[in-house]
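Novice: Got a structure here, written out as structure tokens. Questions coming.
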Amino acid sequence: MTIIIGILIILSVVAWIKAVMVSKKEGEAAKKQLNTWVMIGAVLTVLSLSLMFIVSQNS
């Protein structure tokens, strides 16, 4: 389970970095891409935090 949480954290960091990189671009397509990366980052962050909480409660 710890490996899964680690992978989720790494993926969420990558998604947030991509969101920051896309935010520096201009145009309508960049805004859509930004929304996508922010959503992916938010979902992965919440999922990893939830799994960390569940694992800590079961220990």
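Take the position in the sequence shown, starting the count at 1, then add 1102; the result is the number in the working numbering. Each residue gets a CB set at the ideal place from its N, CA and C atoms; glycine is no exception.
Are W1139 and V1157 touching if we call contact CB-CB under 9 Å?
Specialist: In this structure, V1157 does not lie closer than 9 Å to W1139 by Cβ.
Novice: Measure the CB-CB distance between I1111 and S1150 and report whether it falls below 9 Å.
Specialist: Result yes, Cβ atoms of I1111 and S1150 sit closer than 9 Å.
Novice: Just how far apart, CA to CA, sit S1161 and A1131?
Specialist: One C-alpha to the other measures close to 45 Å.
Novice: Under a Cβ-count criterion, where at least 16 other Cβ atoms within 10 Å of its own Cβ denotes burial, should S1114 be classed as buried or exposed?
Specialist: Result: buried.
Novice: Should I1105 and L1153 be called a contact, given that it needs their Cβ atoms to be closer than 9 Å?
Specialist: For I1105 and L1153, no; Cβs fall outside 9 Å.
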